[in-house]
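Trainee: Before anything else, here's the structure in question.
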Amino acid sequence: MQKFEKLGINAFKNQELDLAITYFSLTERVDDEVLFLVNLCEVAKQNYDESDMLFEYYQFLKSEDRLDFKELNDILEAIEEEVFSELDDDLRDENAITYEDFKNIVLNRVGFKEGLTGVMTSTRLVLRNSDNFLDFIENLLDNGLVDAGISYFETFLEIHGSSSLKTKHIAEKIKNYEDRNKR
């Protein structure tokens with residue numbers, strides 16, 4: 136087992152989930168196991184108890200050399216669906232809107248910047264996953280809210296790392312923006 140994977144497992148057990156994600160992201164390999172562990176940490180942020188039980192099951196399967204990531208990911212998906220169902224109930228009770236709903240409802244009526252201003256003054260905007268987060272950041276950049284976009288992007292990198300193509304694309308956008316401003 137690699138050093139960063141061991142550190143990630145220890146961080147998970149200590150409920151230091153962002154740190155665990157960072158360690159798992161630093162492993163030299165990117166495979167089903169690492170992706171499962173990162174996703175497990177993300178779900179554990181909302182439901183640690185069930186995620187911890189799945190983590191124990193994962194460790195049992197690993198010790199028996201019977202890892203089945205289809206099965207593990209199916210269980211994780213079921214936990215995630217339960218979390219999102221509970222989150223949807225909570226959102227209805229609070230004054231909040233998911234990023235998907237924001238894009239589908241608000242952006243069909245007004246532009247991103249105007250819609251965001253309206254939502255941010257009266258409502259919480261909920262970003263459910265890293266794809267939503269990156270799309271939100273890219274929309275901030277594309278709509279002239281560059282400082283906010285850079286700030287959110289730095290936070291994203293601390294949590295998720297920079298391995299995805301979309302992350303690299305956004306980093307290039309920021310670099311191009313900064314290069315234009317130096318002139």
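Count along the sequence shown starting at 1, add 135, and that's the number in the working numbering. We put the beta carbon where it would ideally sit given N, CA and C, even for glycine.
Quick one: what does DSSP say residue 261 is sitting in, helix, strand or coil?
Mentor: The answer is strand: DSSP assigns residue 261 an E or B state.
Trainee: Quick one: Cα of residue 162 to Cα of residue 244, how far?
Mentor: Going from the Cα of residue 162 to the Cα of residue 244 covers about 44 Å.
Trainee: Report back the beta-carbon spacing between residue 186 and residue 296 to the nearest angstrom; my notes put them in contact at under 8 Å.
Mentor: At roughly 20 Å, the Cβ-Cβ gap does not stay under 8 Å, so residue 186 and residue 296 are not in contact.
Trainee: Contact between the region 253-266 and the region 275-282 is defined here as three or more beta-carbon pairs at a separation below 8 Å; is this criterion met?
Mentor: Result no; under three Cβ-Cβ pairs closer than 8 Å.
Trainee: For the candidate residues 206, 184, 182 and 311, whose alpha-carbon lies nearest to that of residue 193?
Mentor: Answer by Cα proximity: 206.
Trainee: State the DSSP-derived secondary structure class of residue 162, mapped to helix, strand or coil.
Mentor: Coil.
Trainee: Less than 8 Å between the C-beta atoms of residue 158 and residue 171, yes or no?
Mentor: Contact: no.
Trainee: Quick one: give me the first and last residue of the alpha helix (DSSP H) that residue 285 is part of.
Mentor: Its alpha helix (DSSP H) spans residues 281-295.
Trainee: Do residue 218 and residue 182 have their CB atoms nearer than 8 Å?
Mentor: Yes.
Trainee: For residue 235, which of 197, 293, 259 and 164 has the nearest alpha-carbon?
Mentor: When each option's Cα is compared against that of residue 235, the closest is 259.
Trainee: If you compare alpha carbons, which of 150, 251 and 241 is closest to residue 180?
Mentor: Ranking 150, 251 and 241 by Cα distance to residue 180 puts 150 first.
Trainee: So residue 178 and residue 142 are in contact, right, with Cβ under 8 Å, and what is the actual spacing, rounded?
Mentor: In fact, because the Cβ distance is near 20 Å, the residues do not count as touching under 8 Å.
Trainee: Which word fits residue 271, buried or exposed, when buried means at least 16 other C-beta atoms lie within 10 angstroms of its C-beta?
Mentor: Counting Cβ neighbours within 10 Å, residue 271 comes out buried, since at least 16 surround it.
Trainee: Note down the Cα distance separating residue 359 from residue 280, rounded to an integer number of angstroms.
Mentor: The shown model of the chain, from 136 to 318, leaves out residue 359, and the question about it has no answer.
Trainee: Residue range of the alpha helix (DSSP H) that residue 240 falls in?
Mentor: Segment: none, residue 240 is in no alpha helix (DSSP H) and carries neither H nor E.
Trainee: Starting from residue 299 and walking both ways along the alpha helix (DSSP H), at which residues does that stretch end?
Mentor: Element bounds for residue 299: n/a, residue is neither H nor E.
Trainee: What is the rounded straight-line gap between the Cα of residue 189 and the Cα of residue 238?
Mentor: Approximately 33 Å between the Cα atoms of the pair.
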